[in-house]
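A.B. asks: Letter 102 of the sequence shown, counting from 1, is numbered 102 in the UniProt record's numbering, and no numbers are missing. Using N, Cα and C, we set each Cβ at its ideal position, and we do this for glycine too. Note that this is a predicted model, so its numbers are computed, not measured.
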Amino acid sequence: MDVEEILRGIEPLEGQVTAIRTVQETRPREDYADAYITEVNVKCASKVIKVLDSRFPRDSSQPLSHLRRFAKHNQLPEHLRPILLHEGSSPAQTIFVLVSPPLPDLESLQDALSPFAPPNPAGEENSNNPLTFHTIRIPLQPPLTPVQADAWSKSMWPVVYNPAAPRAMIAPPPHILARARDSIQPKAGRYLALAQRVADEAERSGLGRRVGAVVVDPDLEATIAEQAATDDNDNDNDNGIHWSDAVVAVAGDGRYSRADTGTEPPNPPNQYATTYSPDHEGGPELHALMRAVELIASKRREDRPGSSATNRPCLTDVERYFLSKSDTDITAAQPTEPEPESKESTPHGSAALALPGCGVPSFGEDGVGWIGVGAGG
Numbered sequence: 001m002d003v004e005e006i007l008r009g010i011e012p013l014e015g016q017v018t019a020i021r022t023v024q025e026t027r028p029r030e031d032y033a034d035a036y037i038t039e040v041n042v043k044c045a046s047k048v049i050k051v052l053d054s055r056f057p058r059d060s061s062q063p064l065s066h067l068r069r070f071a072k073h074n075q076l077p078e079h080l081r082p083i084l085l086h087e088g089s090s091p092a093q094t095i096f097v098l099v100s101p102p103l104p105d106l107e108s109l110q111d112a113l114s115p116f117a118p119p120n121p122a123g124e125e126n127s128n129n130p131l132t133f134h135t136i137r138i139p140l141q142p143p144l145t146p147v148q149a150d151a152w153s154k155s156m157w158p159v160v161y162n163p164a165a166p167r168a169m170i171a172p173p174p175h176i177l178a179r180a181r182d183s184i185q186p187k188a189g190r191y192l193a194l195a196q197r198v199a200d201e202a203e204r205s206g207l208g209r210r211v212g213a214v215v216v217d218p219d220l221e222a223t224i225a226e227q228a229a230t231d232d233n234d235n236d237n238d239n240g241i242h243w244s245d246a247v248v249a250v251a252g253d254g255r256y257s258r259a260d261t262g263t264e265p266p267n268p269p270n271q272y273a274t275t276y277s278p279d280h281e282g283g284p285e286l287h288a289l290m291r292a293v294e295l296i297a298s299k300r301r302e303d304r305p306g307s308s309a310t311n312r313p314c315l316t317d318v319e320r321y322f323l324s325k326s327d328t329d330i331t332a333a334q335p336t337e338p339e340p341e342s343k344e345s346t347p348h349g350s351a352a353l354a355l356p357g358c359g360v361p362s363f364g365e366d367g368v369g370w371i372g373v374g375a376g377g
């Protein structure tokens, strides 16, 4: 079947683009440390904070804004109440303060906070009473979910969950995710449907498993949208395949295409696709995403003066179509001067997103940055 006819027959998958949690979010690192708590006069709470901040500055490299500085009697974890709440304690008169790391020596802490000791039961003015300090464990990183915040609040110390400020090195801020989602959503169904078609082709050919990848240049997509708006035409003109003009490359899984996997020549349906044997899986460079990256990289190498053509065996018709179609698209998308690579790589530069049941697309802010993966289940 002609590839353009295949593209005209592709119907967008229905669904919503949804953020996928990073590996660090699903298996977060949890660090804990010791802290002190003691009971002080509730009327002196602001003075207590001033004294602590001036005499025992906190480590700026380890922000602990997720921990409450004070806890009322009814906010204390259940297991701490028998230890901290003694007979005669008055919830209206006292509050518990947290002294977080780096911990000062107890003698200095006693000297600083004893003026704010709880009033005695008789109601007399009571200054410089010795305070009792208790050691507890606290989480050093903020909670990633309300459930985690609630668990820590019940087992250690009251914790605040702030969804707008997740850990910078673990998850992108919500507004970055929202912007990426809004950019991807309009055409995600088409691109993932194409990825699914590529995946079907890989499986039918016997070259690999049912996994496909589509790479889209967001700059080309924006240009196409602008041209369509200028021409007052629908984005799906040009015989119904104009949406595919922003596709830079497609690739299906090819793990059974190499001779050393012991499965060449492939005889579809490939018997190894129904099981898993490391002796017949090829290398990761034959997986769909890596093949898509290699197709783009090899094409850019060929575009350099003096470069020779790359031998690409086992390309399917759809892969070959988009590779030849990218002769002008990729060259036009290349910068005239190489851009310096960022020295830092954080989740702020990219956001992992997916259409439920259809694989994992991702979106980057520079260059060719939209990858859709369709995998059969």
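Report buried or exposed for Ala351, applying the criterion of at least 16 other Cβ atoms within 10 angstroms of its Cβ.
C.D. replies: Working through the sequence shown from its first residue, we reach residue 351 at position 351. Low local confidence applies: a pLDDT of 31 at Ala351 is under 50, so the model's placement there is unreliable, with the coordinate-based value given in what follows. Counting Cβ neighbours within 10 Å, Ala351 comes out buried, since at least 16 surround it.
A.B. asks: Going residue by residue through the segment 100-156, where are the continuous alpha helix (DSSP H) segments of at least 4 residues, counting only ones entirely within it?
C.D. replies: As far as the segment 100-156 is concerned, its whole alpha helix (DSSP H) runs of at least 4 residues are 106-113 and 146-155.
A.B. asks: Is Phe70 helix, strand or coil by DSSP?
C.D. replies: Within the sequence shown, numbered from 1, the residue matching residue 70 stands at position 70. Strand, per DSSP.
A.B. asks: Grab the span of the beta strand (DSSP E) containing Glu281 for me, first residue to last.
C.D. replies: Residue numbering aside, residue 281 sits at position 281 when the sequence shown is read from its first letter. Premise fails: Glu281 is in no beta strand (DSSP E) and is neither H nor E.
A.B. asks: Quick one: what does DSSP say Asp236 is sitting in, helix, strand or coil?
C.D. replies: What you label residue 236 is simply residue 236 of the sequence shown in a count that begins at 1. Because the pLDDT at Asp236 is just 46, under 50, the model does not fix this residue reliably, and the value given afterwards should be weighed accordingly. Reduced to three states, the DSSP call for Asp236 is coil.
A.B. asks: So, are the CB atoms of Pro28 and Leu144 less than 8 Å apart?
C.D. replies: Taking the first residue of the sequence shown as position 1, residue 28 is located at position 28. Taking the first residue of the sequence shown as position 1, residue 144 is located at position 144. Cβ atoms of Pro28 and Leu144: closer than 8 Å.
A.B. asks: For the beta strand (DSSP E) containing Tyr161, name the first residue and the last one.
C.D. replies: As a position in the sequence shown, residue 161 is number 161, starting the count at 1. Taken as a continuous stretch (DSSP letters only), Tyr161 belongs to no beta strand (DSSP E), as it is neither H nor E.
A.B. asks: Would you kindly work out how many angstroms separate the C-alpha atoms of Ser61 and Asp31, rounded to a whole number?
C.D. replies: Counting from 1 along the sequence shown, the entry for residue 61 is found at position 61. Counting from 1 along the sequence shown, the entry for residue 31 is found at position 31. So the two alpha carbons sit approximately 14 Å from each other.
A.B. asks: In chain order, what residues of the same chain have a beta carbon less than 6 Å from the beta carbon of Gly9, not counting five sequence neighbours either side?
C.D. replies: On the sequence shown, residue 9 is found 9 positions in, with the first residue counted as 1. So no residue of the chain qualifies.
A.B. asks: Which stretch, first to last residue, makes up the alpha helix (DSSP H) that contains Gly189?
C.D. replies: Here residue 189 is taken as the residue at index 189 of the sequence shown, counted from 1. Per DSSP, Gly189 belongs to the alpha helix (DSSP H) from Pro174 to Ser205.
A.B. asks: Is it the case that the segment 281-296 contacts the segment 202-220, given that we only count it when at least three CB pairs across the two stretches are under 8 Å?
C.D. replies: Because the criterion of three Cβ pairs below 8 Å is met, the segment 202-220 and the segment 281-296 touch.
A.B. asks: Using three-state DSSP, classify Tyr256 as helix, strand or coil.
C.D. replies: As a first step, residue 256 must be located in the sequence shown, where it is residue number 256. Look at Tyr256 here: in three-state DSSP terms it is coil, with no helix or strand label.
A.B. asks: In chain order, what residues of the same chain lie with their CB nearer than 6 Å to the CB of Asn129, ignoring the 5 residues before and after it?
C.D. replies: As a first step, residue 129 is located in the sequence shown; it is residue number 129 there, counting from the start. In the same chain as Asn129, and ignoring 5 residues on each side of it, the C-beta atoms closer than 6 Å to its own belong to Ala117, in chain order.
A.B. asks: So Gln93 and Asn41 are in contact, right, with Cβ under 8 Å, and what is the actual spacing, rounded?
C.D. replies: Working through the sequence shown from its first residue, we reach residue 93 at position 93. Working through the sequence shown from its first residue, we reach residue 41 at position 41. Sure, about 7 Å apart at Cβ, within 8 Å.
A.B. asks: Give me the Cα-Cα distance between Pro91 and Thr135, rounded to the nearest whole angstrom.
C.D. replies: Here residue 91 is taken as the residue at index 91 of the sequence shown, counted from 1. Here residue 135 is taken as the residue at index 135 of the sequence shown, counted from 1. Cα to Cα, the separation comes out at about 21 Å.
A.B. asks: Is the beta carbon of Glu319 closer than 8 Å to that of Ala251?
C.D. replies: Taking the first residue of the sequence shown as 1, we reach residue 251 at position 251. Taking the first residue of the sequence shown as 1, we reach residue 319 at position 319. Yes.
A.B. asks: Need the endpoints of the beta strand (DSSP E) that Val214 sits in, please.
C.D. replies: The residue labelled residue 214 in the question sits at position 214 within the sequence shown. Its beta strand (DSSP E) spans residues Val211 to Val216.
A.B. asks: What are the residues that DSSP puts in a beta bridge with Ile95?
C.D. replies: As a first step, residue 95 must be located in the sequence shown, where it is residue number 95. Bridge partners of Ile95: Val40.
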